[in-house]
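Peer 1: I'd like to ask you about the structure that follows.
2 protein chains.
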Amino acid sequence: MITRLLAMPSVRVERIVSHGQVSPPGFWYDQDEGEWVLVLAGSAVLEVEGEAVAIPMGPGDCIDIPPRRRHRIAWTDPDQPTVWLAVFYAV
Amino acid sequence: MITRLLAMPSVRVERIVSHGQVSPPGFWYDQDEGEWVLVLAGSAVLEVEGEAVAIPMGPGDCIDIPPRRRHRIAWTDPDQPTVWLAVFYAV
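Listed in order, the protein sequences are those of chains G and X.
Per our numbering, numbering of the first sequence is gapless, rising by one per residue and ending at 91.
Per our numbering, numbering of the second sequence is gapless, rising by one per residue and ending at 191.
Here it is, written out as structure tokens:
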């Protein structure tokens with residue numbers, strides 16, 4: 001579930017809640033915008049193209065994903081909500 | 101204490117921790133940038149020019165402060181850290 005918290009020309013802030021959802025096999029996000037994302041609750045595993053290993057993320061962990069850096073959600077905790085705060089920004 | 105989490109031309113993300121600090125009497129922030137701010141922990145009271153009443157904020161509360169909208173921190177909880185996530189953006 002996505003809740004838009006701020007929508008400006010240069011930046012967008014969204015609260016995203018995952019309940020065990022993952023990206024479909026072979027699917028990659030490939031975005032024009034940069035995305036800085038923070039895990040507020042729960043846990044997840046992120047795959048970023050070019051990174052040798054997947055990135056486990058828990059509360060307080062954040063990562064910046066530059067535009068066009070392909071990435072996917074490999075896992076989110078099925079037993080509790082994973083809450084993300086995502087800041088999408090123009091580059 | 102301020103920790104810069106992201107610094108891009110169009111957007112800056114900072115984690116700010118207050119321990120009872122408040123803005124000095126008569127002091128107002130007056131910024132060129134927009135500021136979207138979220139309270140992650142603790143509690144605070146914000147004063148925004150033009151608002152009749154001060155705004156109490158706790159975990160999960162967020163507010164968008166447009167450029168040049170003068171504002172000040174009237175109170176933060178002296179008994180626990182107040183943790184803010186602030187997104188400053190160009191307008």
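Where a beta carbon is used, it is the ideal one built from N, C-alpha and C, also for glycine.
Strictly below 8 Å CB to CB, what residues from chain X border glycine 58 (chain G)?
Peer 2: Position 58 of the first sequence, counted from the start, is the residue given in the question as residue 58 (chain G). Going along chain X, no residue has its Cβ under 8 Å from glycine 58 (chain G), so there is no contact; the nearest lies around 15 Å.
Peer 1: Quick check on methionine 1 (chain G) - is its C-beta less than 8 Å from some C-beta in chain X?
Peer 2: Start at 1 with the first residue of the first sequence, and residue 1 (chain G) comes out as number 1. Cβ-Cβ to chain X under 8 Å: no for methionine 1 (chain G).
Peer 1: Under the rule that 16 or more other beta-carbon atoms within 10 Å means buried, what is phenylalanine 188 (chain X), buried or exposed?
Peer 2: As a position in the second sequence, residue 188 (chain X) is number 88, starting the count at 1. Buried is the call here.
Peer 1: Establish whether the CB of leucine 6 (chain G) and some CB of chain X are separated by less than 8 Å.
Peer 2: Against the first sequence, residue 6 (chain G) aligns to sequence position 6. Yes, because at least one Cβ of chain X sits closer than 8 Å to the Cβ of leucine 6 (chain G).
Peer 1: By DSSP, does arginine 43 (chain G) sit in helix, in strand, or in coil?
Peer 2: Within the first sequence, the letter at position 43 stands for residue 43 (chain G). This sequence places serine at residue 43 (chain G); arginine is not what is there. Coil.
Peer 1: Would leucine 46 (chain G) and histidine 71 (chain G) qualify as a contact pair, given that the criterion is a beta-carbon distance under 8 Å?
Peer 2: As a working note, residue 46 (chain G) is residue 46 in the first sequence. As a working note, residue 71 (chain G) is residue 71 in the first sequence. Contact: yes.
Peer 1: So the candidates are X:Asp177, X:Pro178, X:Ile165; which of them puts its Cα closest to the Cα of tyrosine 129 (chain X)?
Peer 2: On the second sequence, position 29 is the one that residue 129 (chain X) refers to. Cα-wise, what sits closest to tyrosine 129 (chain X) is X:Ile165.
Peer 1: Need the endpoints of the beta strand (DSSP E) that tryptophan 184 (chain X) sits in, please.
Peer 2: Mapped onto the second sequence, residue 184 (chain X) falls at position 84. Looking at the DSSP string, the run of the beta strand (DSSP E) that includes tryptophan 184 (chain X) is 182-189.
Peer 1: Name the DSSP bridge partner or partners of proline 156 (chain X)?
Peer 2: In the second sequence, counting from the first residue as 1, residue 156 (chain X) sits at position 56. Per DSSP, X:Val145.
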